[in-house]
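Below: one structure, written as structure tokens.
In my numbering, the protein residues as written are 139 to 270.
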């Protein structure tokens, strides 16, 4: 009898989102700030603009259906530098109000159609809304 597959839990929502300004707190780019360009909740990783840059070697390859003239277009090859994903535990949000590293809490505020859950800065004395 084949082994049963374990049920996969749905991804827990991350507190860091696309567009947030974060600072890397561990790793080779520690202390640098950047903007999150992609969040991957299933992998618990984020891609930060121009940080954790790695080199990737690519071969030149033809592009499919590039044109009707018959000459194939070729994607150039070479060594490319791209931003690699960073574990979300290695980044920390920079509060837009107090401009310091902060943890994120949640608050409920009244809005159109009922209550809305918003992210807030957990620094003492700040407590400002992170979502704009």
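Ideal Cβ placement from N, Cα and C applies to all residues, glycine included.
Remember, predicted model here, so these are calculated numbers, not experimental data.
Could you please give the first and the last residue of the uninterrupted beta strand (DSSP E) stretch that includes residue i?
i           : result
residue 230 : 229-232
residue 161 : 159-162
residue 257 : 252-259
Which one or two residues does DSSP pair with residue i in a beta bridge?
i           : result
residue 213 : 199
residue 224 : 184
residue 172 : 160
residue 192 : 220
residue 247 : 254
residue 242 : 259
residue 178 : 183
Excluding the five sequence neighbours on either side, which residues of its own chain have a C-beta within less than 7 Å of the C-beta of residue i, listed in chain order?
i           : result
residue 196 : 215, 216 and 218
residue 183 : 223, 224, 225 and 226
Are residue i and residue j closer than 8 Å when you measure CB to CB?
i           : j           : result
residue 224 : residue 190 : yes
residue 266 : residue 258 : yes
residue 151 : residue 179 : yes
residue 185 : residue 229 : no
For residue i, which residues of its own chain have a beta-carbon under 6 Å away from its beta-carbon, when the five flanking residues on both sides are left out?
i           : result
residue 269 : 256 and 257
Can you give me the Cβ contacts of residue i inside the same chain, cut-off strictly under 8 Å, excluding the 5 residues immediately before and after it?
i           : result
residue 165 : 190, 224 and 228
Checklist entry - Taking contact to mean at least 3 C-beta pairs separated by less than 8 Å, is the region 166-179 in contact with the region 237-245? => result no
Item to check | Cβ contact (3+ pairs, closer than 8 Å) linking the region 248-258 and the region 218-229 | outcome: no
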